[in-house]
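Chains as they are written, first to last, in our numbering: chain A, 28 to 155; chain B, 28 to 155.
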DNA sequence: ATCCTGAATCGACAGACATCAATGCAGCCC
DNA sequence: GGGCTGCATTGATGTCTGTCGATTCAGGAT
């Protein structure tokens, strides 16, 4: 059943509207941590932008100056974060994006429309 | 002019539409890495959701079971990532969200509207 | 000036992480 | 079967990071 460890319980209505409780924060942090590496970001973008929606590992590995085990490790972390999934098909393994997860992250980072921000460009009290 | 190190050059049209080049990936990863810690996520959400748009450090610190220097350290990382900014006002220091950055992240994680995903529930591969 | 308070910085340390070479495992082909 | 290829796992290693106590710095109050 392919790990798919956790990181599924991201129900939070939005990081920016109410304080996160600790459990939510821990879950969310796992996903952002998975995104917090240049190699994984490039892997994710290569997978997500691929016409057809899936990529063979053999197309990913040569794009980096890293060993094959290292790429495999990064793919595993992205998968455990719920950002991608994979399937073995004969000799090759194919990865694809899980758009529900990126959608969820985008929603979490989106502020409610009518939120009036205090105008920082002309603060009331500060001259000079 | 308050560090504000880098992490400003996030022009990328979207993580999910085209492969990121390495420099873009490195910049973006810094921001996501800043979000990849539960304490920083909670700090950010406490700051962002505060009515009035700003929070005094003295209101943040007691919400955690961590030392004051540790909180200060996390705030510094969030600030270096461009997610928050701060100002000293007399004895106290106030922090607020930089919504441009979260907006940018949300945009980066958002797929272009008309993107037809391959239907994973009924793979078409075998036919034809 | 002296003291006090709130916040940032410094130095140290344990745990986490990225990376590699070596190995293991699964599926193809001869 | 035997060998080959593609990918995952293991074990080791150097670096990064989260945390703390101690210290320092900035501003107000006495």
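We put the beta carbon where it would ideally sit given N, CA and C, even for glycine.
Beta-carbon proximity check, residue i vs residue j, cutoff 8 angstroms
i                      : j                      : result
residue 129 of chain B : residue 41 of chain B  : no
residue 71 of chain A  : residue 72 of chain B  : no
residue 134 of chain B : residue 68 of chain A  : no
residue 66 of chain A  : residue 110 of chain A : no
residue 88 of chain B  : residue 76 of chain A  : no
residue 80 of chain B  : residue 56 of chain A  : no
residue 61 of chain B  : residue 132 of chain B : no
Cα-Cα separation between residue i and residue j, rounded to whole angstroms
i                      : j                      : result
residue 107 of chain A : residue 123 of chain B : 32 angstroms
residue 83 of chain A  : residue 90 of chain A  : 12 angstroms
residue 139 of chain A : residue 96 of chain A  : 42 angstroms
residue 112 of chain A : residue 102 of chain A : 9 angstroms
residue 100 of chain B : residue 78 of chain B  : 24 angstroms
residue 59 of chain A  : residue 98 of chain A  : 18 angstroms
residue 85 of chain A  : residue 119 of chain A : 8 angstroms
residue 115 of chain A : residue 127 of chain A : 22 angstroms
residue 49 of chain A  : residue 54 of chain B  : 27 angstroms
residue 125 of chain B : residue 117 of chain A : 48 angstroms
residue 28 of chain B  : residue 74 of chain B  : Caution applies to residue 28 of chain B, whose pLDDT of 42 falls short of 50 and renders its modelled position unreliable; the value that the coordinates give is listed next. Near 21 angstroms, if we compare the C-alpha coordinates of residue 74 of chain B and residue 28 of chain B.
residue 121 of chain B : residue 121 of chain A : 48 angstroms
Where residue i meets chain B, residues with beta-carbon distance less than 7 angstroms
i                      : result
residue 127 of chain A : Per Cβ cutoff of 7 angstroms: no residues; residue 127 of chain A is ~10 angstroms from chain B at best.
residue 137 of chain A : 133
residue 44 of chain A  : 76
residue 56 of chain A  : 63, 64, 65, 68
Interface residues of chain A facing residue i [CB-CB closer than 7 angstroms]
i                      : result
residue 53 of chain B  : 65
residue 106 of chain B : Here the premise fails: no neighbours, minimum Cβ distance about 14 angstroms.
Chain B contact residues for residue i, given Cβ-Cβ distances below 8 angstroms
i                      : result
residue 115 of chain A : Neighbours of residue 115 of chain A on chain B: none; closest Cβ ~14 angstroms, over 8 angstroms.
Partners in chain B for residue i, counting only beta-carbon separations shorter than 9 angstroms
i                      : result
residue 94 of chain A  : Near residue 94 of chain A there are no residues of chain B at all, since even the closest Cβ is about 17 angstroms away, more than 9 angstroms.
residue 60 of chain A  : 59, 60, 62, 63, 64
residue 71 of chain A  : 42, 43, 47
residue 87 of chain A  : Per Cβ cutoff of 9 angstroms: no residues; residue 87 of chain A is ~10 angstroms from chain B at best.
residue 102 of chain A : Simply none; closest approach about 15 angstroms.
Chain A residues whose Cβ lies nearer than 8 angstroms to that of residue i
i                      : result
residue 110 of chain B : Ordered by position in chain A, no residue passes the 8 angstroms Cβ test against residue 110 of chain B, which lies about 10 angstroms from the chain.
Review point. Taking only runs of the alpha helix (DSSP H) that begin and end inside the region 100–137 of chain A, which ones reach a length of at least 4 residues, in chain order?
Key: Residue ranges of uninterrupted alpha helix (DSSP H) with 4 or more members, entirely inside the region 100–137 of chain A and ordered along the chain, are 126–135.
Whole beta strand (DSSP E) elements within the region 65–102 of chain B, 3-residue minimum: 81–83
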